[in-house]
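Peer 1:
2 protein chains.
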Amino acid sequence: MLEDKNQSRTSLSELGEFKLIDHLTQHTVIHHKDTVKGIGDDCAVIGQGKTQTLVTTDLLVEGVHFDLSYMPLKHLGYKAVMVNLSDVYAMNGMAKQITVSIAVSNRFTLEALEELYAGIQLACNTYKVDLVGGDTTSSTKGLMISITAIGEVEKEKCVYRNGAGLNDLLVVSGDLGAAYLGLQVLEREKQVFQVNPNAEHELDKYTYLVERQLKPEARKDVVQLLSDLEVQPTSMIDISDGLSSEILHLCKQSKTGCQLYEDKIPLDQQVISTCEEFDMDSTTIALSGGEDYELLFTVKQEDFPKIKANPNFSIIGHMTDEPDLIQLVTRGGQKVDVIAQGWNAIG
Amino acid sequence: MLEDKNQSRTSLSELGEFKLIDHLTQHTVIHHKDTVKGIGDDCAVIGQGKTQTLVTTDLLVEGVHFDLSYMPLKHLGYKAVMVNLSDVYAMNGMAKQITVSIAVSNRFTLEALEELYAGIQLACNTYKVDLVGGDTTSSTKGLMISITAIGEVEKEKCVYRNGAGLNDLLVVSGDLGAAYLGLQVLEREKQVFQVNPNAEHELDKYTYLVERQLKPEARKDVVQLLSDLEVQPTSMIDISDGLSSEILHLCKQSKTGCQLYEDKIPLDQQVISTCEEFDMDSTTIALSGGEDYELLFTVKQEDFPKIKANPNFSIIGHMTDEPDLIQLVTRGGQKVDVIAQGWNAIG
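In the order they appear, the protein sequences are chains A and B. Each residue of the first sequence is one higher than the last, beginning at 1 in the numbering used here. Each residue of the second sequence is one higher than the last, beginning at 348 in the numbering used here.
#1: Is it true that the CB of leucine 60 (chain A) sits closer than 8 Å to the CB of phenylalanine 66 (chain A)?
#2: Among B:Tyr507, B:Lys384, B:Leu590, B:Ser360, which one has its Cα closest to the Cα of valine 685 (chain B)?
#3: Using a Cβ-Cβ cut-off of less than 8 Å, give me the residues of the region 364 to 397 of chain B that come near chain A, in sequence order.
#4: Do you know how far the Cα of alanine 80 (chain A) is from the Cα of asparagine 344 (chain A)?
#5: Using a 10 Å radius around the Cβ and a threshold of 16 neighbouring Cβ atoms, would you call phenylalanine 304 (chain A) buried or exposed?
#6: With distances taken Cα to Cα, identify the nearest neighbour of lysine 155 (chain A) among A:Ser314, A:Met144, A:Asn92.
#7: Pull up the DSSP beta-bridge partners for leucine 607 (chain B), would you.
#8: Cβ closer than 8 Å: which chain E residues qualify as neighbours of phenylalanine 66 (chain A)?
#9: By Cβ distance, which residues of its chain are closer than 6 Å to serine 601 (chain B), with the 5 residues on each side in sequence left out?
#10: Using 8 Å as the cut-off, can you tell me whether the region 514 to 527 of chain B makes contact with the region 551 to 562 of chain B, which would need three or more C-beta pairs spanning the two stretches below that distance?
#11: Tell me, to the nearest whole angstrom, how far the beta carbon of glutamate 361 (chain B) is from that of leucine 420 (chain B); I am working on the premise that it is less than 8 Å.
#12: Does DSSP put alanine 103 (chain A) in a helix, a strand or coil?
#13: Rounded to whole angstroms, how far is the Cβ of glycine 636 (chain B) from the Cβ of serine 587 (chain B), which I believe are closer than 8 Å?
#14: From the DSSP output, in three-state form, read off isoleucine 377 (chain B) for me.
#15: Mind checking who isoleucine 150 (chain A) pairs with in its DSSP beta bridge?
#16: If you scan the region 459 to 503 of chain B from start to end, which runs of the beta strand (DSSP E) of 3 or more residues do you find wholly inside it?
#17: Using a C-beta to C-beta distance shorter than 7 Å, which residues of chain A count as neighbours of valine 479 (chain B)?
#18: Where DSSP assigns a beta bridge to threonine 35 (chain A), which residues make up the other side?
#19: Using the Cα positions of valine 64 (chain A) and threonine 487 (chain B), report the straight-line distance between them to the nearest angstrom.
#20: With burial defined as no fewer than 16 other Cβ atoms inside 10 Å of the residue's Cβ, what is the status of valine 104 (chain A): buried or exposed?
#21: In this structure, does DSSP put methionine 1 (chain A) in helix, strand or coil?
#22: Do histidine 318 (chain A) and leucine 226 (chain A) have their C-beta atoms closer together than 8 Å?
#23: Please confirm if lysine 300 (chain A) has its CB atom under 8 Å from at least one CB of chain B.
#24: Where glutamine 674 (chain B) and cysteine 605 (chain B) are concerned, what is the direct C-alpha to C-alpha distance, given to the nearest angstrom?
#25: Just checking my contact of lysine 599 (chain B) with aspartate 668 (chain B) at CB under 8 Å: how many whole Å lie between their CB atoms?
#26: How is the alpha helix (DSSP H) around serine 240 (chain A) delimited, first residue to last?
#27: Does threonine 554 (chain B) have its Cβ less than 8 Å from a Cβ in chain A?
#28: Give me the subset of the region 119 to 143 of chain A whose CB atoms are less than 8 Å from a CB atom of chain B, sorted by chain position.
#29: Determine the direct distance from the alpha carbon of serine 245 (chain A) to that of leucine 287 (chain A), and round the result to whole angstroms.
#30: Is the beta carbon of threonine 382 (chain B) less than 8 Å from the beta carbon of aspartate 87 (chain A)?
#31: Identify the contact partners of alanine 103 (chain A) in chain B, using a Cβ-Cβ distance below 7 Å as the criterion.
#32: Would you mind telling me which residues of chain B sit closer than 7 Å to glutamine 224 (chain A), beta carbon to beta carbon, in chain order?
#33: Taking Cβ to Cβ, would you say tyrosine 436 (chain B) is nearer than 8 Å to valine 570 (chain B)?
#34: Could you have a look at lysine 79 (chain A) and say whether DSSP puts it in helix, strand or coil?
#35: Would you mind working out which of B:His422, B:Val392, B:Glu641 sits nearest tyrosine 464 (chain B), comparing C-alpha positions?
#36: From what residue to what residue does the alpha helix (DSSP H) around valine 411 (chain B) run?
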């Protein structure tokens with residue numbers, strides 16, 4: 001039979017996700033001129049006309065991305081759609097269609113899949129997205145969901161990661177860190193439950209955090225709001241892996257640095273109080289937590305008046321001319337280097 | 348914690364893939380008028396303009412769709428792309444972009460993934476398709492590949508499953524059954540190898556069959572050929588699950604029946620001789636084998652002269668006015684009902 005004659009064996013954990021993708025796709029050739037943007041942004045961008053097509057895809061694996069002991073299947077379906085729509089909004093576009101593929105082991109019943117699809121369909125109806133296809137198959141273990149979202153954007157409105165300029169303001173929607181803390185709360189509850197299945201739930205104090213983890217909302221409203229305010233961001237990305245990782249992407253692709261102000265990072269009161277309770281540093285959580293699905297973008301200085309008083313936005317820093325150097329100005333006035341964390345480890 | 352309060356438990360194996368998809372997507376609402384075709388054809392069709400966008404997606408799971416003990420990773424990558432391109436060609440369109448998502452366990456090395464991507468890139472370069480995105484993550488078990496293909500078709504050339512009319516001729520490209528027999532040959536070799544790892548390979552007699560299983564080619568050339576011949580099929584589908592299953596799809600959606608002639612079904616000489624050796628019925632293999640990735644289509648009677656002498660095509664039957672009734676006229680002149688088989692069981 002066929003044997004692996006290759007003696008060189010490099011473990012995937014030596015690389016990490018981004019370097020792995022870079023390595024595997026380094027020989028990619030683009031054949032069509034209407035492939036405007038391939039790998040390397042929140043979406044691929046297709047089409048030479050006035051309106052462009054956006055394509056993004058995400059894969060969620062049980063035991064890696066979700067734990068069904070505290071993630072209800074309906075919420076999982078909803079969240080799996082949000083993860084993809086968020087990438088379309090991060091291009092300043094509107095999501096219009098999705099395909100959903102699932103692989104399930106025979107542990108799952110029809111009723112379980114009905115719950116999953118109820119969440120998918122709730123997301124589709126709420127965000128006005130059409131479910132247009134997919135694939136359904138068996139798996140040898142667990143549940144896997146692969147969703148592809150198709151969106152649309154006017155060519156002149158499309159925002160990439162690489163457009164930030166010197167002194168542009170760095171802006172984030174909503175607040176940060178809650179989804180990660182929600183996960184910590186749920187993990188703790190799971191451990192309590194395993195020791196004592198009759199223990200009372202203690203989730204009341206953490207409703208916002210748990211909701212941000214189990215039922216995140218993609219920021220379609222922010223795309224609409226930016227349009228209404230007549231603000232065209234110079235670069236944009238969604239926060240899936242944590243603020244520091246996303247800033248690094250913007251800086252790397254825009255060839256800028258960034259100065260970030262600790263006291264400007266938006267935190268919900270539950271994030272602050274829960275960080276105290278868990279003895280965690282709230283800035284670290286916001287920088288590295290991930291799964292917030294907020295939009296992080298840069299705008300020209302001249303747009304400051306349109307952004308500054310808006311309760312949906314926080315101006316947290318500005319772009320500098322030192323490529324890839326992200327410095328956090330702490331509450332005490334010190335400058336510290338920020339290093340990317342929070343990527344999705346392989347292995 | 349969250350518990351499953353649902354007492355009703357229906358096993359997925361009670362349904363089968365097509366009924367499962369129908370059931371789960373029965374409440375699907377279409378919000379956008381440019382979603383021309385959603386679930387239910389080889390691709391979704393998007394766009395109101397002269398040129399439409401095609402979208403299709405397939406999920407391949409180790410242990411369900413492929414066995415790495417005889418499927419080299421490079422071939423797997425190539426085949427995973429073919430499976431998707433075939434769906435685009437089945438709409439009479441041209442594939443232009445793909446996204447590739449993979450989930451891998453830590454059993455896989457970087458060198459293994461390089462092999463997989465070498466196959467994906469060979470397919471992309473051969474078929475002039477751009478790799479534009481994807482997702483890479485860890486899995487708790489095995490390898491899974493989810494590919495989405497994006498294509499393009501002129502609105503007036505787009506072919507659906509539901510356009511076959513009374514007396515239209517049923518045509519298939521290439522020959523049938525070889526991929527399934529290739530799998531049987533490889534499975535037998537695997538068993539021999541497990542008993543005696545030093546046994547000589549006996550694959551020389553089966554090169555065509557093994558190639559059809561391990562390195563299928565999607566029929567981009569047929570789409571071009573139909574265009575050159577100025578033949579516009581009235582309905583079309585690709586043969587992934589076996590001839591009988593695909594004919595049933597065309598008949599069901601076109602509300603026709605079909606009369607199929609056993610002696611017209613195209614079989615390679617290796618298929619005939621291997622069926623004899625394995626004591627299998629070659630017609631059954633062609634009807635139910637699957638994975639041929641040939642195109643099955645119907646044309647108007649008036650196109651008969653354009654099709655009849657072409658070595659790429661076999662006219663194997665015609666459509667009738669008895670909905671869903673597929674009858675095989677045997678070599679002996681008997682008529683027997685054909686029942687769909689060969690779908691991808693869940694459970």
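We put the CB at the ideal spot given by N, CA and C, even for glycine. Since this is a predicted model, take the numbers as computed values, not measurements.
Peer 2: Taking the definition as stated:
#1: yes
#2: B:Leu590
#3: Glu364, Leu367, Ile368, His370, Leu371, Thr372, His374, Thr375, Val376, Ile377, His378, His379, Asp381, Thr382, Lys384, Gly385, Ile386, Cys390, Ala391, Ile393
#4: Because the pLDDT at asparagine 344 (chain A) is just 35, under 50, the model does not fix this residue reliably, and the point stays unresolved.
#5: exposed
#6: A:Asn92
#7: B:Gly664, B:Leu675
#8: The structure shown contains no chain E; its protein chains are A and B.
#9: Asn509, Ala511, Ser582
#10: yes
#11: Their Cβ separation, rounded to whole angstroms, is 35 Å, which puts glutamate 361 (chain B) and leucine 420 (chain B) out of contact at 8 Å.
#12: strand
#13: Incorrect: roughly 11 Å between the Cβ atoms, too far for contact.
#14: coil
#15: A:Val55, A:Gln97
#16: 477 to 485, 490 to 501
#17: Thr35, Gly38, Ile39, Ala44, Val55
#18: A:Ile46
#19: 7 Å
#20: buried
#21: In this prediction, methionine 1 (chain A) scores a pLDDT of 47, lower than 50, which makes its location untrustworthy; the coordinate-derived value is nonetheless stated afterwards. Residue state, collapsed to three classes: coil.
#22: no
#23: no
#24: 6 Å
#25: Not really, about 14 Å apart at Cβ, beyond 8 Å.
#26: Looking at the DSSP string, serine 240 (chain A) is not in any alpha helix (DSSP H), and its letter there is neither H nor E.
#27: no
#28: Gln121, Cys124, Asn125, Lys128, Val129, Asp130, Leu131, Val132, Gly133, Gly134, Asp135, Thr136, Thr137, Ser138, Ser139, Thr140, Lys141, Gly142
#29: 8 Å
#30: no
#31: Leu406, Val408, Met491
#32: Within 7 Å Cβ-Cβ: nothing; glutamine 224 (chain A) doesn't reach chain B, min ~16 Å.
#33: yes
#34: helix
#35: B:His422
#36: Note, valine 411 (chain B): premise wrong, no alpha helix (DSSP H); not H, not E.
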